[in-house]
Structures are given as structure tokens and as C-alpha cells.
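Protein chains in written order, with our numbering: chain A, 63 to 529; chain B, 0 to 182.
Glycine is no exception: its CB is placed at the ideal position from the N, C-alpha and C atoms.
Accompanying notes for the structure given below.
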Amino acid sequence: MGVATIDRVSRDNTSTDPKVRAPLVLPGNDYASITDKVCGIVEAQKPPKAWYLAFGIAASLTAVLGAMVVYLISTGVGVWGLNKPVSWGFDITNFVFWVGIGHAGTLISAILYLFRQKWRTGINRFAEAMTIFAVICALMFPGIHVGRIWLEYWIAPLPNQMNMWPNFRSPLLWDFFAVGTYFTVSLCFWYMGMIPDIATVRDRATTKVRQIAYGIAALGWNGSNRHWHRYERAYLLLAGLATPLVLSVHSIVSFDFATSMLPGWHATIFPPYFVAGAIFGGFAMVLLLAVPCRSWFGLKDVITPRHLENMCKILLATGMMVGYAYAIEFFISWYSGNPAEGFVFINRAFGPYAWAYWTMVFCNVVTPQVFWSRRARSNPLVIFGVAACVNVGMWFERFVIIVTTLSRDFLPSSWSSYTPTWVEGLTLAGSFGLFFTMFLLFLRFLPMVAMAEVKAIMPAPHDPERR
Amino acid sequence: MTAKPADERKLWGLLAEFATPHDLVRAAARVRDAGYTKWDAHTPFPVHGLDGAMGIRPTRLPYLVLGAGMIGTASALLMQWWMNAVDYPLIISGKPFNSLPADIPVTFELTVLLASLTAFIGMLALNALPRFHHPLFRNAAFRRATTDAFFLAIEATDPRFDPAETERLLVAERATRVLPVQE
Numbered sequence: 063m064g065v066a067t068i069d070r071v072s073r074d075n076t077s078t079d080p081k082v083r084a085p086l087v088l089p090g091n092d093y094a095s096i097t098d099k100v101c102g103i104v105e106a107q108k109p110p111k112a113w114y115l116a117f118g119i120a121a122s123l124t125a126v127l128g129a130m131v132v133y134l135i136s137t138g139v140g141v142w143g144l145n146k147p148v149s150w151g152f153d154i155t156n157f158v159f160w161v162g163i164g165h166a167g168t169l170i171s172a173i174l175y176l177f178r179q180k181w182r183t184g185i186n187r188f189a190e191a192m193t194i195f196a197v198i199c200a201l202m203f204p205g206i207h208v209g210r211i212w213l214e215y216w217i218a219p220l221p222n223q224m225n226m227w228p229n230f231r232s233p234l235l236w237d238f239f240a241v242g243t244y245f246t247v248s249l250c251f252w253y254m255g256m257i258p259d260i261a262t263v264r265d266r267a268t269t270k271v272r273q274i275a276y277g278i279a280a281l282g283w284n285g286s287n288r289h290w291h292r293y294e295r296a297y298l299l300l301a302g303l304a305t306p307l308v309l310s311v312h313s314i315v316s317f318d319f320a321t322s323m324l325p326g327w328h329a330t331i332f333p334p335y336f337v338a339g340a341i342f343g344g345f346a347m348v349l350l351l352a353v354p355c356r357s358w359f360g361l362k363d364v365i366t367p368r369h370l371e372n373m374c375k376i377l378l379a380t381g382m383m384v385g386y387a388y389a390i391e392f393f394i395s396w397y398s399g400n401p402a403e404g405f406v407f408i409n410r411a412f413g414p415y416a417w418a419y420w421t422m423v424f425c426n427v428v429t430p431q432v433f434w435s436r437r438a439r440s441n442p443l444v445i446f447g448v449a450a451c452v453n454v455g456m457w458f459e460r461f462v463i464i465v466t467t468l469s470r471d472f473l474p475s476s477w478s479s480y481t482p483t484w485v486e487g488l489t490l491a492g493s494f495g496l497f498f499t500m501f502l503l504f505l506r507f508l509p510m511v512a513m514a515e516v517k518a519i520m521p522a523p524h525d526p527e528r529r
Numbered sequence: 000m001t002a003k004p005a006d007e008r009k010l011w012g013l014l015a016e017f018a019t020p021h022d023l024v025r026a027a028a029r030v031r032d033a034g035y036t037k038w039d040a041h042t043p044f045p046v047h048g049l050d051g052a053m054g055i056r057p058t059r060l061p062y063l064v065l066g067a068g069m070i071g072t073a074s075a076l077l078m079q080w081w082m083n084a085v086d087y088p089l090i091i092s093g094k095p096f097n098s099l100p101a102d103i104p105v106t107f108e109l110t111v112l113l114a115s116l117t118a119f120i121g122m123l124a125l126n127a128l129p130r131f132h133h134p135l136f137r138n139a140a141f142r143r144a145t146t147d148a149f150f151l152a153i154e155a156t157d158p159r160f161d162p163a164e165t166e167r168l169l170v171a172e173r174a175t176r177v178l179p180v181q182e
């Protein structure tokens, strides 16, 4: 292990010679070794011990989530700490948090693709998987918070027993269309990207079960160049469609707040502020997952220090955008001259939820500043710590926006405070369990690096006869 | 159905392997110039320049996607107009029944949804996938086509196909080996 690490560092000159660009895949690899490394994870008899430990915890938490959801539905929304006027609490905080996490995957796969950022190929697959699982967690919360979930279909424009149609002027309905579309398109994008790699796993399969399972999932892909031609065109089209889509989704989520009349929510800065926050939180989650995965599964040649460093820079940039939005919110509340608006912001920073506000500021604005230092950007432990902080901070951002505004509206006689119950706490923990359960199963059974895409950006093998 | 021995089955075509993507691109250009029509290259990743060398005409997928996107836009606008302004007019804060600005988010999402699904399903349909059986899959060497091998396959039904002549062409183009593939 020691020798391998030293050798790897000496071959990756990112940190020593700034004039030379770090390679996208560390030298000493060829097409076959990439396949061996990535497929080896899926083909191994047993995953690493850490996988079992993580899966055990995650699966237990998922069971807790199931119990909490059953308890909620069988008893009623009263098991949560919601009240009037705080009718949104952990549920919508968690929804916005998870949808935000889900933005990094499509950003990496679509926007960085259009900008020809070739380094994306090492990380796009599992970032996309993370997106799918985060959006599943997100969709669950509005699903369960409505109370009578058996009437859920009323939100869709379907004929129903009331002979009524949904109100298309409601941002909550826009949200249904936005997140639903985002999930469907992300799923297509992820699966389509995986087809050639599943075919690789199929072609290496040694047992009948694997041949059939991966054979069906690969849809008979045979690497035909006539297929590749249409495939690449479809990929480009999907990237072009997903780029405005990813920006629209969190914009529309922010409309849930911005189109209301409540002080602290009714702000035009919300759409860009939410999108920047979503990318910030999403990249933090990608880093949080990438740092342990690349060392557990021996993928340090493919997910190189350069990848981590680039993501840290994105985290720094989006973190400062978020910090700027926090500052501008305060400025506008003073500049508008609206007393209700001014009060809400003073209350955020110094009222009963000040501890949540300052946790958010510390985690989201202060901690990413360490990434100005190259040494911090190349230290996986520091990266992991900051990414964890940012995840906490982004969760608190949504909590602060939702709860401080709702608990203190225009009329002091209707003020109230909100304390979550144990059911809400365990539901939040359970949603992490669900996320990690799905993610760990993905790591075990599907290729976690886009092999075909990584091979396409590797230098072509030299022609032995010609040289 | 009992499987016949390999040599009794009909010849499907010839499979040539090349050492590098560069060799494959050059051979593809030569095979195209020789007038073959029923042939294909099989590679683990999309090889740069191969589309041009093979003379593949641009796919019509973008037009399908454009059409689907426009259907999405039109159907979303019609749906919202009919549901909220005609069939069940909802009075919401004094706004007009048919209010275009409020219809834009759902219209945008349905446009993207239909266009994206068409890009994905259209790509599969134009590629005639899923297709779980293919004569090439019988060949053990072909399994490396999804890992690190670069293949060129010419079908026996091609009008210019001649087992000996075609093999000579492929060998002359520096194929590392040429294998017969049975149906």
C-alpha cells in the first residue's frame, strides 16, 4: 500500500509542477485496466468490510423510515410538531434539501458535458446515481406530508370524482411537474449512459444469472458504430435539454416560497440563490461520497486528486454565491423600507432560531474558505470534513428560511414556535438511510465509473509498427 | 432446436480485429471506398473520426426530438387553457382564467419531458434495440468489443461480399486477425 501510494503521488504531478496539466486518468492505465478496475468492484466475490458496515446501518435506518411513515399515515400528521402558522417544518426542509443534493449529478453530466469539461467522466456516473436517489428521497416528503395520501392523485391532471382540475396557477403544482420531469429525465440520462458499461459487465460475466441479468439491462448493446453515432447524438440532445431543466427545477422549488406574500420569502433573488445553493450542496454530497469510495474501491487512478480539487473549487465558488445571497437578502430587507421584511431578517439573525442561522452561516460561508489553500484542496480528510459541514449548513439554510418566516408573520397574535417531534427526527435520519441503502446497492451491482467515457478521453494506444 | 456444429451453419460474415482505433478508422475508410454497404465497426467507446470514415449519414433523431418538444409545448398550453379556463374556470386572486405567464413552468417542463423521452426511446428505436440475439455474440473473441478490442464486421449478405476477397482486403488493411462468423 505504501509503495503504491508513493508511486501514484510521484506520477501525478498536479501538486509539484503547475505548468503541466494533471492527467485525467493516471498514467500506467490502458483500456483493459480501466475495465478491470471498475468491473472488478462489481465482480468481486465480496465487497469490502466497510461496505457491509455501512449497508447494515443504512438498511436499519431505512427500516426506521418505513416504521415512521406507517406511523404517520396510520395516525395522522399530528405526530409531527407542525402547527398554525408553522405548517411546513422538517418535511419541506428535507424535500428542498434532497432536491438540492440532486442537482449536482445533472450539472456534472449535462452542463460540464456541454462545456467540454473532460474531467467529468471520472465522477459523472455516481454523481448521476446520487441524483436519482436524492430525488427519490425528496419526492417522498411532499408525498407523505399531505396527510390523506390516498388522495395524492388529485395533484395530477386526471379526471376525478370531484369533476375538478388542478390549479395550474399554483407553484406547488409546477413543483410536481418540475420534480417529476427532473426525475424521469435524470433516470433516462443515467440509464442511457450506463448501457455500454452494463454491456461490458455482461461480456465479462461468468455465471448464467449475471449473464441474463446484465444481458437484459444492456439491451443487446454490441458497440456498433452506427449505434454509437445515434447514441452520442441522443446524449448531446439530452445534455442540452437537461441543462435548462436543472436550472428550472430549483427555480420552481424557490417559487413555492417566492410567489407567496410572506416576508423573507417574497424575493426575486430566490431562483438564482436556490440554484446556486443546490449546486453547492450537491457538490458537497458528491465529495462526501467520492472521498471514501475512491479509496475503498481502489479507484484513485480514475478519480484523481485533480477531480477532487476541481470540485473543491466549484464548492468555493458556489459557496461564495450563497454567501452573497445571504448578504443581499439583508440589504434588500433594509433597502425596501418594509418593516415586516426588516423584522424577519433581524429575527433570523438574533431571534429564537439565531443558533440555526449562525450554524448555517458558519457551515456554508466560513468553512469553504479553507479551499483557497491548495493544501486543503488536496487533503481528502479536510475535503471530507468541509463537505460534511456544507451538507449540515445547507440543511439548516432551508430550515431557517422555512421556519423563521412562518413562525413570525405579520400579526404578533398569530406567532408560534416550532419544535420537531421524535417522529420527524427519525424520518430525517431514515431518509439518509434510504439514500445510502440505494447508493450502496448501486456501488455493489452497477459500474460506478463511466468506463466507455473514460476510455474515450484516454490517449489512444501507440501504433507499434509506425514508431 | 438442436445446435448444428459451427462449420455446417451458414456464414454470417467476417469479423476483423484491429490493434488500434487508428487502424480501424483507416480500414473503415477503405472498406467504404471498396463499395461495401452491409458492414459495421464495433468499439468499446465512440472512436473519433469513425463516423466520417464509415460515411454514416447524420441521424434524423434531432428532428424527432424537435417534433416531440413542440408537441409537448402545444399539448401543455392546450391542457392548461382547457382545464383552467374552459372546463373548470378557477377564480384565483382576480387573475384572468387563461393566464399565459402562469402556464409557462408546466409548459417548459412538458416540452423537456417529451423531448427527452423521445431522445432516449428514439435512439433505441432507430438502433433497433433491444435486440438480445446477434450472430456476433456467438464469437468468444467479440466479448472484448466492450473492453479494449476494435472490430470491423462485414456481412455475407453484402452484394460485394466474397469470403476470400473480403478477407484479403481486411488483412491488407492490417487486421490482426480475421474470423468467420456463423449465423
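Exercise. Among the residues of its own chain, which have a CB less than 6 Å from the CB of Arg70/A, if the five just before and after it don't count?
Worked result: In this prediction, Arg70/A scores a pLDDT of 43, lower than 50, which makes its location untrustworthy; the coordinate-derived value is nonetheless stated afterwards. Result list for Arg70/A: empty, nothing under 6 Å.
Exercise. What number of angstroms, rounded off, separates the C-alpha of Arg295/A from the C-alpha of Ile257/A?
Worked result: 15 Å
Problem set entry | Inter-residue Cα distance where the pair is Val208/A and Tyr215/A | 11 Å
Exercise. Would DSSP call Val180/B helix, strand or coil?
Worked result: strand
Problem set entry | Cross-strand partners of Ala40/B (DSSP beta bridge) | Leu151/B
Exercise. Where DSSP assigns a beta bridge to Phe17/B, which residues make up the other side?
Worked result: Phe149/B
Exercise. What are the partner residues of Gly12/B, as DSSP defines its beta bridges?
Worked result: Glu154/B and Val180/B
Exercise. What is the DSSP secondary structure of Ser232/A, counted as helix, strand or coil?
Worked result: coil
Exercise. Thr243/A touches chain B at which residues, Cβ-Cβ below 7 Å?
Worked result: Glu108, Val111 and Leu112
Exercise. Excluding five sequence neighbours on each side, which residues of the same chain lie with their C-beta closer than 6 Å to the C-beta of Ala522/A?
Worked result: none
Exercise. At a cut-off of 7 Å, is Phe159/A close to the ligand MN when judged by its beta-carbon and the heavy atoms of the ligand?
Worked result: Ligands displayed in this structure: none; no statement on the ligand MN is therefore possible.
For this session: Look up Ser286/A in the DSSP assignment and say whether it is helix, strand or coil.
Result: strand
Exercise. Does DSSP put Ala218/A in a helix, a strand or coil?
Worked result: coil
Exercise. Under 8 Å between C-beta atoms, does Pro179/B make it to chain A?
Worked result: no
For this session: Pull up the distance between the alpha-carbon of Thr175/B and that of Ala280/A, whole angstroms please.
Result: 28 Å
For this session: Return the CA-CA distance between Gly12/B and Leu443/A, expressed in angstroms with no decimal places.
Result: 56 Å
For this session: Could you list the residues in the region 295-321 of chain A with a C-beta less than 8 Å from some C-beta on chain B, going in chain order?
Result: Arg295, Ala296, Leu299, Leu300, Leu303, Ala304, Pro306, Leu307, Ser310, Ile314 and Phe317
For this session: Indicate whether the contact test is met: 3 or more Cβ pairs, each with one atom in the region 97-108 of chain B and one in the region 73-82 of chain B, closer than 8 Å.
Result: yes
Exercise. Of all the options Ala411/A, Arg506/A and Met500/A, which has the alpha carbon lying nearest to the alpha carbon of Met192/A?
Worked result: Met500/A
Exercise. For chain A, is any of its Cβ atoms less than 8 Å away from the one on Leu123/B?
Worked result: yes
For this session: Could you tell me how far apart the beta carbons of Gly71/B and Ala114/B are, in whole angstroms, since I believe they sit closer than 8 Å?
Result: 6 Å
Problem set entry | Cross-chain neighbours of His291/A in chain B, by beta carbon under 7 Å | Asp50, Ile55 and Thr58
For this session: Output yes or no for whether 8 Å exceeds the beta carbon distance between His312/A and Gly167/A.
Result: no
Exercise. Three-state secondary structure (DSSP) at Asp471/A?
Worked result: coil
Exercise. Can the beta-carbon of Ala352/A be found closer than 8 Å to that of Ile185/A?
Worked result: yes
For this session: Under 8 Å between beta-carbons, which chain A residues line up against Arg142/B? List them in chain order, please.
Result: Asp265 and Arg266
For this session: Output, in chain order, the set of chain B residues within a Cβ distance shorter than 8 Å of Tyr175/A.
Result: Correct list: empty, because the minimum Cβ distance to chain B is about 13 Å.
Exercise. Any chance the region 410-425 of chain A sits against the region 465-472 of chain A, with 3 or more Cβ pairs inside 8 Å?
Worked result: yes
Exercise. Using DSSP with H/G/I as helix, E/B as strand and the rest coil, what is Gly190/A?
Worked result: First, the residue type needs correcting, since residue 190/A is Glu and not Gly in the sequence shown. Three-state result, Glu190/A: helix.
Problem set entry | Test: Tyr335/A CB closer than 8 Å to a CB of chain B | no
Problem set entry | For Glu172/B and Arg25/B, believed in contact at Cβ under 8 Å, the rounded distance | 7 Å
Exercise. What are the start and end residues of the alpha helix (DSSP H) that includes Pro401/A?
Worked result: Pro401 to Phe412
Exercise. So which of Ala340/A, Ser395/A and Leu378/A has the shortest CA-CA distance to His328/A?
Worked result: Ser395/A
For this session: Could you name the residues of the region 81-96 of chain A whose beta carbon sits closer than 8 Å to any beta carbon of chain B, in the order they occur along the chain?
Result: Asp92, Tyr93 and Ala94
For this session: Establish whether the CB of Tyr62/B and some CB of chain A are separated by less than 8 Å.
Result: no
Problem set entry | Supposed close pair Met373/A, Val100/A - CB separation, criterion 8 Å | The pair is not a contact, with the Cβ atoms about 20 Å apart (cut-off 8 Å).
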